[in-house]
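Chemist: One gets this note's numbering by counting positions in the sequence shown from 1 and adding 64 to each. A virtual CB, placed ideally from N, CA and C, is assigned to each residue, including glycine.
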Amino acid sequence: MMKRTALCLWALVAVVMLNTACNGDEKPLPNIQTMLADMTPDANGQVSELTLDDGGVKMLAKPLTGLKADSTYRIRAVYEVQAPTRISLIGCTPVLAAAPQAYAADKVRTDAVNVVSCWQGTSYINLHIGIKGTNTGKHYFGFNRGELTDNGNGTRTLHITLLHDQHGDPAYYTTEMYLSMPLKSLAGMLRPSTDSVSVSVNTFGGVAHFAFIYKE
Numbered sequence: 065m066m067k068r069t070a071l072c073l074w075a076l077v078a079v080v081m082l083n084t085a086c087n088g089d090e091k092p093l094p095n096i097q098t099m100l101a102d103m104t105p106d107a108n109g110q111v112s113e114l115t116l117d118d119g120g121v122k123m124l125a126k127p128l129t130g131l132k133a134d135s136t137y138r139i140r141a142v143y144e145v146q147a148p149t150r151i152s153l154i155g156c157t158p159v160l161a162a163a164p165q166a167y168a169a170d171k172v173r174t175d176a177v178n179v180v181s182c183w184q185g186t187s188y189i190n191l192h193i194g195i196k197g198t199n200t201g202k203h204y205f206g207f208n209r210g211e212l213t214d215n216g217n218g219t220r221t222l223h224i225t226l227l228h229d230q231h232g233d234p235a236y237y238t239t240e241m242y243l244s245m246p247l248k249s250l251a252g253m254l255r256p257s258t259d260s261v262s263v264s265v266n267t268f269g270g271v272a273h274f275a276f277i278y279k280e
C-alpha cells in the first residue's frame, strides 16, 4: 500500500512539474529556417531584401552593405523569421550558379559525387551534393549543355550533365555543397510547361538522372 501511495504521489508531482514547465513565461524558440536565395545589391551596394528559392521575397531587418553594386549573389541563407515578410539574416554561404554551356569534349569531366537532393525552384534547378576531397583541394564544376531531343509526342528534352573535375584532390573527407543552374539561361531554347530538362549526375553508385518540366 505504501509503495502504491508513493508511486501515486510521484506521478502527481510529475504532472505539477510538467504543467509548470508548459505554463511558464519562457520565450518561444526562434523560427530558424534555411533556404537558397538571391540577393541583388542596389547602386549603393546595399541589400534590403532576399528573393527565396520558392519565389518569396523577404525584407531584411538589418540591410547588408558593402557589396558589389548591380550584381546578383546566389547564397544559402540561414535566417530567423520575425514576421511573414521580414527576416533577420543569421548567416549565409555562397552558392555557385552556372549557366549551361556546350563544352569541348576534352573539358567534360564527370568525377563522382554523392547526390543528397535535386529539385527545381522558381528560377533555378538546384543540386545538394557531397564531394570527397581535402580541406585545401580545388574542385571545378559546371553544367554541360547536350542534345535537345524530340520525344515524339510534341515535347522535347534538353540533356544537361553536371561537370566535376576533382583536380587530383585525394578523396579523404566528404563536404556538402549546393549548386544552382539558372532557368533563365534556357529561355528561347525550351517551351515553358511543354519541354523538359534532364540533369545527369555521375555518382558513386552510377549515373543518376533528374527530369523537370521547364518553366520560366
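Compare the beta carbon distance of N241 and H192 with 9 Å and say whether it is the shorter of the two.
Modeler: Residue identity check: residue 241 is Met in the sequence provided, not Asn. Contact: yes.
Chemist: State whether the segment 109-122 contacts the segment 164-173, with contact taken as three or more CB pairs (one from each stretch) at a distance under 8 Å.
Modeler: Cβ pair count under 8 Å is below three, so no.
Chemist: Kindly confirm or deny that the segment 178-193 and the segment 213-220 touch, where touching means at least three C-beta pairs closer than 8 Å.
Modeler: Segments in contact, no.
Chemist: Report the residue from I195, H231, L254 whose alpha carbon sits nearest the alpha carbon of R209.
Modeler: Cα-wise, what sits closest to R209 is L254.
Chemist: Between L100 and Y143, is the Cβ-Cβ spacing less than 9 Å?
Modeler: No, the pair does not count as a contact, with Cβ atoms beyond the cut-off.
Chemist: Between V263, I277, C156, which has its C-alpha nearest A163's C-alpha?
Modeler: Of the listed residues, the one whose Cα sits closest to A163 is V263.
Chemist: Could you tell me whether the segment 150-167 touches the segment 194-202, using the rule of 3 or more Cβ pairs below 8 Å?
Modeler: The segment 150-167 vs the segment 194-202: no contact.
Chemist: Among D118, P127, L153, D134, which residue has its Cα nearest to the Cα of P94?
Modeler: With distances taken between Cα atoms, P94 lies closest to L153.
Chemist: Give me, in chain order, the residues of the same chain whose beta-carbon lies closer than 6 Å to that of H223; leave out the 5 immediate sequence neighbours on both sides.
Modeler: The residues are G210, E211, S262.
Chemist: Over what stretch of residues does the beta strand (DSSP E) that includes S244 continue unbroken?
Modeler: Taken as a continuous stretch (DSSP letters only), the beta strand (DSSP E) holding S244 covers 237-246.
Chemist: With DSSP run on the structure shown, which of helix, strand or coil describes A141?
Modeler: A141 falls in the strand class under three-state DSSP.
Chemist: Give the straight-line distance between the Cα atoms of D134 and G109, rounded to the nearest whole angstrom.
Modeler: Answer to the nearest angstrom: the Cα atoms are 7 Å apart.
Chemist: Could you work out which residue in T129, V179, T258 is closest to V111 when comparing CA atoms only?
Modeler: Per the Cα distances, T129.
Chemist: Is it buried or exposed for N215, if we count other Cβ within 10 angstroms and need 16 for buried?
Modeler: It counts as exposed.
Chemist: So for S249, helix, strand or coil by DSSP?
Modeler: Three-state DSSP puts S249 in a helix.
Chemist: Consult DSSP for K171 and reduce its assignment to one of helix, strand or coil.
Modeler: K171 falls in the helix class under three-state DSSP.
Chemist: Residues in its own chain within less than 6 Å of E280 by CB, not counting five upstream and five downstream?
Modeler: Around E280: P256.
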